Structure formats: structure tokens, C-alpha cells
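J.: Using this note's numbering, read the sequence shown as starting at 556 and increasing by one per residue.
Provided herewith is a single structure, encoded as C-alpha cells, for subsequent inquiry.
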Amino acid sequence: MSDLVARINPPVRTLMGPGPSDIHPNVLAAMAKPTVGHLDPYYLKVMDELQGMLRQLFRTENAMTFAVSGTGSAGMEATVVNLVEPGDNVVVCVNGVFGKRLADVATRAGGNVTVVEKPWGEVFTADDLKETIAATKPKLVAIVMAETSTGAWQPIEEISELVHNAGAMLLVDAVTSLGGVAVEVDKWNIDAIYSGSQKCLSCPPGLAPVSFSAKAMETIMNRKTPVQSWYLDVSLLANYWGENRVYHHTAPINMSYGLHEAVRLILEEGLDNCFARHLKNHQALAAGLSAIGIEYTAAEGHRLPMLNAVKVPEGIEDTVIRKGLLNQFGIEIGGGLGAFAGKVWRIGLMGYAARQNNVLLFLAALEQLLAAQGYQFDRGASIEDANQVYLAYSHAKTLG
Ligand SMILES: *Cc1c(COP(=O)(O)O)cnc(C)c1O
Numbered sequence: 556m557s558d559l560v561a562r563i564n565p566p567v568r569t570l571m572g573p574g575p576s577d578i579h580p581n582v583l584a585a586m587a588k589p590t591v592g593h594l595d596p597y598y599l600k601v602m603d604e605l606q607g608m609l610r611q612l613f614r615t616e617n618a619m620t621f622a623v624s625g626t627g628s629a630g631m632e633a634t635v636v637n638l639v640e641p642g643d644n645v646v647v648c649v650n651g652v653f654g655k656r657l658a659d660v661a662t663r664a665g666g667n668v669t670v671v672e673k674p675w676g677e678v679f680t681a682d683d684l685k686e687t688i689a690a691t692k693p694k695l696v697a698i699v700m701a702e703t704s705t706g707a708w709q710p711i712e713e714i715s716e717l718v719h720n721a722g723a724m725l726l727v728d729a730v731t732s733l734g735g736v737a738v739e740v741d742k743w744n745i746d747a748i749y750s751g752s753q754k755c756l757s758c759p760p761g762l763a764p765v766s767f768s769a770k771a772m773e774t775i776m777n778r779k780t781p782v783q784s785w786y787l788d789v790s791l792l793a794n795y796w797g798e799n800r801v802y803h804h805t806a807p808i809n810m811s812y813g814l815h816e817a818v819r820l821i822l823e824e825g826l827d828n829c830f831a832r833h834l835k836n837h838q839a840l841a842a843g844l845s846a847i848g849i850e851y852t853a854a855e856g857h858r859l860p861m862l863n864a865v866k867v868p869e870g871i872e873d874t875v876i877r878k879g880l881l882n883q884f885g886i887e888i889g890g891g892l893g894a895f896a897g898k899v900w901r902i903g904l905m906g907y908a909a910r911q912n913n914v915l916l917f918l919a920a921l922e923q924l925l926a927a928q929g930y931q932f933d934r935g936a937s938i939e940d941a942n943q944v945y946l947a948y949s950h951a952k953t954l955g
């Protein structure tokens, strides 16, 4: 008996990193419900309802809207490998880690990939892509809407117009944006889009909502070569998620319960209210950080509400602060990735984590840890300025 390990008993954390985010208790409760068969009439109803709710979330009428079994990267892989055949010209926009990953996946799918780069923290304009698109006549252009490595918020509409005028299709990474800011699949004419369950949807990681336009599906159904991945082949998955319900793989039943409840909660709150909540908490956090001299990495006007990437102040040791947050306060934030390693903190206000309790707790904890490191700042100013934002909101509400 002595070598029997203990029962799972994880610590309770406040998840304010780049994902996973805090999970609403209803979502965890939903996941603990009895497992039924994956072709059980009850489960088929869950799938139907989930598809309907995902269409509302993506703001699309696309029939082929469902959840890929796998994390956000599986969603990335599913959209790319279905749309890209060996030799196809693909343009990928890279201004951070996830654009880079997209380029890697498209290259592995056999695409003839042209990368357009911008410095980390900046976003793309249509002008940045014009020449490359005219010169390479791509079948597909891929771009990340919310670059989680830099906190930059990429506008999609103008680029979509350019892409479609050139006869190409548009693929969008909405892993971090979906549920935190408006994602308009139909209005912006997006052909393929993917997300992940553990960012602003506040569900554990394991499912990747995706949607394919009618044009994307037509392209997939008319491929010359079979999709390299059997597991992610949308033409096969369509028979499972569509009316036929043909067995393809065993869906992760309890994960679907969790995502069902997570998306239901967002729709119950109202999409626009949910976006407004993310924005309000971001504004309070940004005011607090600014009051103690901490700067954002993303360009002004392009900062994501749900992912606050800020510069580690001069003379402060990144890991000392992050370890202190975790060990003394149970708060997880993210460090920098790639070029930003050791230089940036990534503070997530995703989904259920976007609450004033989290913002005020974090700022208070950060102030204590920075003070212990000898950082010079106006003590208490972050809390005061964050509260100013909250008070202004509640005052505006009282006035109607
Ligand atoms: C997290 C993330 C991914 C990858 O998702 P996983 O769930 O980690 O596989 C892809 N793109 C962006 C923008 C992300 O933030």
C-alpha cells in the first residue's frame, strides 16, 4: 500500500494566464455528470444544441460548425489540412508565436507557404499584404486574430476584403478572441475559423470549436487528394456531426457537457454583455498597471482586453514575481514566449477570470511582490486607479 499515490486533489488557483482560464463551477459540475454513449439519443441532442450555440457564438449560419476533439492546435490543424493540398499557395501572417505555428502546420500539409512578417506586438493592415497576395495568388490566407504571445488585436474585415477580391479564402485563428471580443464569421466573410475551449470560453482544454463556410466545404469536397489526416478529415467528420451520425471516433462526451454549459453561460449573459465585461475589467487592470509604471507591449489601439501583455519592469526578475504570485497567492499569470521570454508578463482576463475580484487581488499581490523587490512606485496607486474605473462604470449605470 505504501507506494499507492494519493487521490487527485489539485490546489485551487486563480487562472490569470494565457489559458487555461478560471472555470465556472457550473462547467465543472456539468463535466461530472454521468457519461452516456456517444450515439445515445441524449448525447446526439447535446451535439445538436452545441452546434446551434457555437453558430451563435461565431455569428454564422455555417452548417459545418462543430467542436473538434482536441485542443486549439487541433482546430488549427483541422482547418489547415482540410483546405491545403500539396503545392497550394498559402500566405501566412506572422507577428507572434501562433502565426509561426500556422506557417509550420501549412508547410507540413504540403502548402507552398509565403510568410509575411511584422514585428511582435504590431498588427497587419491590408496594405502590408497587398503585394504578396498579388504576387503569389494564394488559395488561402491565414491570420491570427488575437495573438496570445503579444496581446495584439488584429482587425479582420479590411484584410478579408483584400483576400476575397484576390479570389482567395480566409482562415482565422480565433482561439483567444472567441468569447472575449466580437468574432463575426458571416459578416467578415471568414472561410475557416477555429478556437479552443480553455481561453475565453472558460472550459477545460480539450475541444476546438471550428466553422467552415459553404465555399470552404465545396473546396474540401472537391479535393484532388485525400486529407492527410484521417482523424481531422472534415468530409468524414461531417457524417458524424451531420444527420447521418456515422461513427467516426468516440467523442469526448463529458468534455462536450462542459463546453455545452460554458457556451450556454455566455449566451445567457449575452454576447455583447460578455464582451463589455471583458473590456471593463481590462480597462481597470490597464489603469492599475499604468499607475505603477508598467507598460503594454502591443501597439496602442490594438490591445486585447483578455490578454494583457506587459513589460517586466527594469531591474525586476520575471520568475521571482511569477513564483511569488503562484506560491503566496495562488495566482497564475503567463511569462513571455519566444522573443518575449523573460521580458513580458501575460495577464489573462479570459471568460470567468474577467472579474473585478481577480483584477483587484492581482494588483494588490503584484504591488506587495514588487515592493519586496525594491521597485519604486506610488504604493496603492494601482488599486486606486482600478477602482476609479469600476466606480465610473457603476456611476454611469446609476445615471442610466
Ligand atoms: C492557445 C492558442 C493556440 C493553441 O491552442 P492549444 O489549445 O494550446 O492547442 C493557438 N492559437 C492561439 C492564438 C492561442 O492563443
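All C-beta atoms, glycine included, are put in the ideal place defined by N, C-alpha and C.
Since the model is a prediction, treat every value here as computed from it, not as a measurement.
Kindly examine ligand 1 and report whether one of its heavy atoms sits closer than 8 Å to the Cβ of R562.
T.: Walking along the sequence shown from the start, residue 562 turns up at place 7. No.
J.: Could you pull the DSSP bridge partners for K866 from this structure?
T.: For the purposes of this step, residue 866 is taken as residue 311 along the sequence shown, with counting starting at 1. K866 is bridged to V899.
J.: Looking only at C-alpha atoms, which of S715, L814, L612 sits nearest to F830?
T.: What you label residue 830 is simply residue 275 of the sequence shown in a count that begins at 1. The candidate whose alpha carbon is nearest that of F830 is L612.
J.: For the region 718-750, which segments carrying the alpha helix (DSSP H) assignment without a break, of at least 4 residues, lie completely within its bounds, in sequence order?
T.: Segments of the alpha helix (DSSP H) lying fully in the region 718-750: there are none.
J.: When you compare only the Cα positions, how much space is there between G890 and W796?
T.: The residue labelled residue 890 in the question sits at position 335 within the sequence shown. The residue labelled residue 796 in the question sits at position 241 within the sequence shown. Whole-angstrom Cα-Cα distance: 38 Å.
J.: Mark V875 as exposed unless 16 or more other C-beta atoms lie within 10 angstroms of its C-beta, in which case mark it buried.
T.: Numbered from its first residue, the sequence shown carries residue 875 at position 320. That one is exposed.
J.: Leaving out five residues before and five after G665 in sequence, what residues of the same chain have Cβ atoms less than 8 Å from its Cβ?
T.: As a position in the sequence shown, residue 665 is number 110, starting the count at 1. Closer than 8 Å at Cβ, skipping near neighbours: V639, E640, P641, G642, D643, Q783.
J.: In angstroms with no decimal places, state the Cα-to-Cα distance between S628 and Y749.
T.: Working through the sequence shown from its first residue, we reach residue 628 at position 73. Working through the sequence shown from its first residue, we reach residue 749 at position 194. Roughly 9 Å separates the two Cα atoms.
J.: Determine contact between the region 937-944 and the region 830-845, defined as no fewer than three beta-carbon pairs at a distance below 8 Å.
T.: Taking 8 Å as the limit for Cβ pairs, the verdict is that the region 830-845 does touch the region 937-944.
J.: Would the region 584-591 count as touching the region 791-806 if we require 3 or more Cβ pairs under 8 Å?
T.: no
J.: Just tell me which of L791, D595, Y597, M619 has its CA closest to the CA of Q606.
T.: Taking the first residue of the sequence shown as 1, we reach residue 606 at position 51. Checked all of L791, D595, Y597, M619; the closest Cα to Q606 is M619.
J.: Cβ of A681 within 8 Å of any heavy atom in ligand 1?
T.: Sequence index remark: in the sequence shown, residue 681 carries index 126 (1-based). No; taking the cut-off as 8 Å, the Cβ of A681 has no heavy atom of ligand 1 nearer than that.
J.: Using 8 Å as the Cβ pair cut-off and three pairs as the minimum, do the region 847-854 and the region 659-679 touch?
T.: yes
J.: Measure the beta-carbon distance from K898 to V867 and round it to whole angstroms, keeping in mind my assumption that it falls under 8 Å.
T.: Position 343 of the sequence shown, counted from the first residue, corresponds to residue 898. Position 312 of the sequence shown, counted from the first residue, corresponds to residue 867. Correct: roughly 6 Å between the Cβ atoms.
J.: So which of I698, R819, V560, Y907 has the shortest CA-CA distance to N650?
T.: Against the sequence shown, residue 650 aligns to sequence position 95. With distances taken between Cα atoms, N650 lies closest to I698.
J.: Is the beta carbon of S752 less than 9 Å from the beta carbon of M810?
T.: Taking the sequence shown and counting its residues from 1, the one referred to as residue 752 is at position 197. Taking the sequence shown and counting its residues from 1, the one referred to as residue 810 is at position 255. Closer than 9 Å, so yes.
J.: With DSSP run on the structure shown, which of helix, strand or coil describes W785?
T.: Position 230 of the sequence shown holds residue 785. It is coil, neither helix nor strand.
J.: The alpha helix (DSSP H) that contains N581, what's its start and end?
T.: The residue labelled residue 581 in the question sits at position 26 within the sequence shown. Per DSSP, the unbroken alpha helix (DSSP H) holding N581 starts and ends at 580-586.
J.: Starting from T687, trace the alpha helix (DSSP H) both ways and give me its first and last residue.
T.: Residue numbering aside, residue 687 sits at position 132 when the sequence shown is read from its first letter. Element bounds for T687: 681-691.
J.: Any heavy atom of ligand 1 closer than 8 Å to the CB of F895?
T.: If you number the sequence shown from 1, residue 895 lands on position 340. No, Cβ of F895 sits at least 8 Å from all heavy atoms of ligand 1.
J.: Taking only the alpha-carbon atoms, compute the straight-line gap between D577 and P760 and give it to the nearest angstrom.
T.: Counting from 1 along the sequence shown, the entry for residue 577 is found at position 22. Counting from 1 along the sequence shown, the entry for residue 760 is found at position 205. Rounded to whole angstroms, D577 to P760 spans 11 Å at the Cα level.
J.: Could you give the uninterrupted runs of the alpha helix (DSSP H) lying entirely in the region 604-655, keeping only those of 4 residues or more?
T.: 627-638
J.: May I ask whether a heavy atom of ligand 1 can be found less than 8 Å away from the beta carbon of P674?
T.: For the purposes of this step, residue 674 is taken as residue 119 along the sequence shown, with counting starting at 1. No, Cβ of P674 sits at least 8 Å from all heavy atoms of ligand 1.
J.: In whole angstroms, what separates the C-alpha of K770 from that of S715?
T.: By 1-based counting over the sequence shown, the position of residue 770 is 215. By 1-based counting over the sequence shown, the position of residue 715 is 160. Their Cα atoms are separated by approximately 14 Å.
J.: Would you list the residues sitting across from F767 in a DSSP beta bridge?
T.: As a first step, residue 767 is located in the sequence shown; it is residue number 212 there, counting from the start. For F767, which the question treats as bridged, DSSP gives the partners M619, A747.
J.: For R858, which three-state DSSP category applies?
T.: In the sequence shown, residue 858 corresponds to position 303, counting from 1. Note: R858 maps to strand in three-state DSSP.
J.: Going by beta carbon distance, what residues of the same chain come within less than 6 Å of T774, once the five residues before and after it are set aside?
T.: Residue numbering aside, residue 774 sits at position 219 when the sequence shown is read from its first letter. Closer than 6 Å at the Cβ level, and outside the excluded window around T774, lies no residue.
J.: Is it the case that the Cβ atoms of V730 and N637 are separated by a distance below 9 Å?
T.: By 1-based counting over the sequence shown, the position of residue 730 is 175. By 1-based counting over the sequence shown, the position of residue 637 is 82. Going by C-beta atoms, V730 is not nearer than 9 Å to N637.
J.: Cβ of V652 within 9 Å of Cβ of T703?
T.: By one-based count along the sequence shown, residue 652 stands at place 97. By one-based count along the sequence shown, residue 703 stands at place 148. Yes, the pair counts as a contact, with Cβ atoms nearer than the cut-off.
J.: Taking R503 and L862 to be in contact with their CB atoms under 8 Å, please state how far apart those CB atoms are, rounded to whole angstroms.
T.: Here the chain has residues from 556 to 955 only, and residue 503 is not among them.
J.: So, helix, strand or coil for W796, using DSSP?
T.: Within the sequence shown, numbered from 1, the residue matching residue 796 stands at position 241. Three-state result, W796: helix.
J.: Return the Cβ separation of V979 and A661 in integer angstroms, given the expectation that the two are a contact with Cβ distance under 8 Å.
T.: Outside the shown range of the chain (556 to 955) lies residue 979, about which nothing can therefore be said.
J.: Can you list, in chain order, the residues of its chain whose CB lies under 6 Å from that of W743, leaving out five sequence neighbours each side?
T.: Taking the first residue of the sequence shown as 1, we reach residue 743 at position 188. Contacts found: I711, E712, S715.
J.: Would the beta-carbon of P520 be found less than 8 Å away from any heavy atom of ligand 1?
T.: With the chain covering only 556 through 955, there is no way to say anything about residue 520.
J.: Short of 8 Å in beta carbon distance, which residues of its chain neighbour V671, apart from the five on each side in sequence? Order them along the chain.
T.: For the purposes of this step, residue 671 is identified with residue 116 of the sequence shown, where counting begins at 1. In its chain, beyond the 5 residues on either side, V646, V647, C648, V649, F679, D683, L684, T687 have a beta carbon closer than 8 Å to the beta carbon of V671.
J.: Which residue's Cα is closest to the Cα of A909: L756, G848, Q883?
T.: Locating residue 909 in the sequence shown gives position 354, where the first residue counts as 1. Out of L756, G848, Q883, L756 has the C-alpha closest to the C-alpha of A909.
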